[in-house]
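First residue of the sequence shown? That's 3 in the working numbering, and the numbers climb one at a time after it.
Where is the CB? At the ideal position from N, CA and C, for every residue including glycine.
This structure is a prediction, so every number in the text was calculated from the model and none was measured.
What follows is a short report on a single structure.
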Amino acid sequence: MDRDLAIIILAAGKGKRMKSSLPKVLHPIAGRPMLGYVLDLVRELRPRFGICVLGYRSEMVREYIRKEQANVRVVIQKRLLGSADAVKQARALLKNFKGTVLVLYGDAPLLNIQTVRRLIRHHKRSDASATLLVSVVNKPEGYGRILRDSSYNIVRIVEDDQANDYEREIKEINTGVSCYKKENLFLALNRVRLNPKKKEYYLTDVIHILYKQNHLIESIRLEDSQEALGINTQIDLFNSERIMQKRLLTALMERGVRIVDVESIRVCWDTQIQAGSVVFPFTVIESNVKIGKDCRIGPFCHLREGAVINDRSVVGNFAEVCRSKIGSDTKVKHFCYLGDSRIGKGVNIGAGTVTANFDGKKKAITVIKDKAFIGSDTVLVAPVRVGSQSKTGAGSVVTKNKNVPAKATVAGVPARPFRNRNR
Ligand code: UD1
Ligand code: CA
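As structure tokens, then:
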């Protein structure tokens with residue numbers, strides 16, 4: 003544990019610019035609420051205090067934090083009076099704490115842990131009162147701009163809506179990620195004045211207050227400006243999704259997975275795929291999906307929550323798999339729906355196979371044992387079991403609880419044991 007470190011995550015805002023009723027920090031990126039990525043940083047840094055400031059729909063966000071089992075205490079900002087006011091809500095919890103306070107924004111999920119470590123290291127070594135993570139970007143619109151004096155010292159941060167024409171041209175921006183000496187931060191916060199136009203207290207005003215008191219203000223610059231992306235709008239959300247997908251797909255490729263097309267394949271933050279597998283274009287993989295080694299997935303395949311595909315299996319065109327386990331060496335090559343099913347090894351699922359898992363009230367399970375051969379256009383009405391090495395004829399409808407014994411062949415509507423007349 004880093005006993006000298008306290009982290010405050012600001013996550014109280016509604017996110018007006020998202021134009022959505024969902025709290026901004028719960029909007030998903032690669033299938034996970036964006037706040038989750040920020041909570042990961044806290045998990046890795048192991049601070050003495052982790053504090054998350056909540057406000058808008060705080061119960062909903064608190065519930066998510068509980069689910070993540072994140073090691074943070076929640077404090078509530080009752081009225082959303084700006085980022086300075088949000089930080090103040092952590093004062094009581096930090097009463098006896100001395101050391102470094104790191105402020106993270108809940109709407110900046112692309113930040114890498116290495117960058118945060120570099121910031122903390124620089125802050126401690128330089129013994130500054132405040133250290134900012136800054137970035138140089140082509141489009142600084144929306145961000146606070148860094149103003150420096152002739153000796154290159156940081157003088158203040160000017161928020162976008164306060165900036166004059168000259169300041170608006172400045173390309174060096176505040177990412178929001180910052181370190182402070184605890185006492186200096188809270189003393190300066192007391193002096194922050196209400197911004198008359200926005201009716202908010204800006205945390206960034208702390209910088210000019212410290213400057214006037216001759217405190218040392220340091221900064222480090224981001225190498226990759228994408229990391230600083232703050233999500234304020236649906237367009238920002240889309241851009242961050244793209245960056246996150248690229249990162250996740252790159253990590254999979256580094257592990258030996260063949261990704262045929264990074265533009266059209268979508269994975270989730272927790273997608274597991276073993277080396278030697280290939281994912282073809284237009285494949286969408288939702289949360290909690292595991293794929294073994296040497297599998298072929300797609301093109302145009304939808305793997306939903308809880309799909310597990312074992313080694314050397316093929317899930318091909320227009321197949322949707324949901325809450326289902328598929329054994330090794332099984333083929334699901336052409337359009338079909340498999341839901342709530344347990345499928346064995348070496349099974350062949352014919353084109354157009356459907357597990358009818360929902361009767362309008364509840365979901366039921368389909369079991370297909372090893373080496374079964376499911377004929378094209380078979381409907382399996384769950385709950386139902388199909389024995390090992392059995393066969394279903396093309397177009398058959400295996401009705402509820404009419405289990406197919408091992409090695410049997412059934413066919414027709416409803417499916418009945420099939421006898422070959424020529425025998
Ligand atoms: C903020 C910074 C800006 C920086 C940018 C980086 C301020 C005043 N400005 O602007 O300098 O370039 O982030 O992305 O901080 N929040 C609360 N309570 C509040 C208001 C906000 O907890 O009353 C939280 C929000 O949930 C959010 C964060 O603070 O996570 C930042 O608020 P936001 O309104 O997004 O600030 P920006 O305009 O993006
Ligand atoms: Ca923001």
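Item	Value
Three CB pairs or more closer than 8 Å across the stretch 162-179 and the stretch 122-136	yes
Own chain partners of Asn-73 with C-beta closer than 6 Å, once the 5 adjacent residues on each side are dropped	Gly-52
Three or more C-beta pairs below 8 Å linking the stretch 82-96 and the stretch 113-122	no
Start-to-end residues for the alpha helix (DSSP H) that takes in Glu-378	It is worth fixing the name first, because residue 378 is Ser in this sequence and not Glu. Segment: none, Ser-378 is in no alpha helix (DSSP H) and carries neither H nor E.
Alpha helix (DSSP H) segments (min. 4 residues) lying fully within the stretch 169-225	184-192, 207-214
First through last residue of the beta strand (DSSP E) which encompasses Val-157	156-160
Contact check, Gly-300 vs Phe-282, beta carbons under 7 Å	yes
Meets three-Cβ-pair contact criterion under 8 Å: the stretch 263-270 and the stretch 246-254	yes
By C-beta, the residues closer than 6 Å to any heavy atom of ligand 1, given in chain order	Leu-12, Ala-13, Ala-14, Gly-15, Val-55, Gly-57, Gln-79, Leu-82, Leu-83, Gly-84, Ser-85, Asp-87, Ala-88, Tyr-107, Gly-108, Asp-109, Ala-110, Tyr-145, Gly-146, Ile-159, Glu-161, Ile-175, Asn-176, Thr-177, Gly-178, Tyr-204, Leu-205, Thr-206, Gly-232, Asn-234
Val-76 beta carbon less than 7 Å from that of Arg-68	no
Every unbroken beta strand (DSSP E) inside the stretch 261-327 [3 residues or more]	321-324
Residues near Phe-284 by beta carbon distance below 7 Å, same chain, minus five either side	Ser-266, Gly-300, Pro-301, Phe-302
Nonlocal neighbours in the same chain, by C-beta distance under 8 Å from Leu-28, ignoring five residues either side	Pro-35, Met-36, Leu-37, Met-62, Val-63, Tyr-66
Span separating the alpha-carbon of Val-334 from that of Ala-132	58 Å
Every unbroken alpha helix (DSSP H) inside the stretch 97-157 [4 residues or more]	115-128
Nearest-angstrom Cα separation, counted from Asn-140 out to Lys-201	29 Å
Inter-residue spacing [alpha-carbon to alpha-carbon] between Ser-279 and Val-264	15 Å
Integer Cβ distance of Leu-149 from Glu-171, believed to fall under 8 Å	Leu-149 to Glu-171, Cβ: 12 Å. No contact.
Exposure of Gly-100, with buried meaning 16 or more beta-carbon neighbours within 10 Å	According to the sequence as given, residue 100 is Lys; it is not Gly. The residue in question, Lys-100, is exposed, as its Cβ has fewer than 16 Cβ neighbours within 10 Å.
Cβ neighbours of Val-208 in the same chain (closer than 8 Å, five flanking residues each side left out)	Ala-86, Ala-132, Tyr-182, Leu-187, Ala-190, Leu-191, Val-194
Alpha carbon of Met-255 to alpha carbon of Pro-49, nearest angstrom	33 Å
Cα-Cα separation, Asp-167 to Glu-161	12 Å
Start and end residues, beta strand (DSSP E) containing Ser-343	343-345
Which of helix, strand or coil DSSP assigns to Ile-351	strand
Rounded distance between the beta-carbons of Thr-380 and Ser-392, thought under 8 Å	11 Å between Cβ atoms; not a contact.
Same chain only: Cβ atoms within 7 Å of Arg-257, ignoring 5 sequence neighbours per side	Ala-277
Leu-83 in three-state terms, based on DSSP	coil
Assigned secondary structure, Arg-339 (DSSP; H/G/I helix, E/B strand, else coil)	Here the sequence assigns Tyr to residue 339, which means Arg is not the residue at that position. Reduced to three states, the DSSP call for Tyr-339 is strand.
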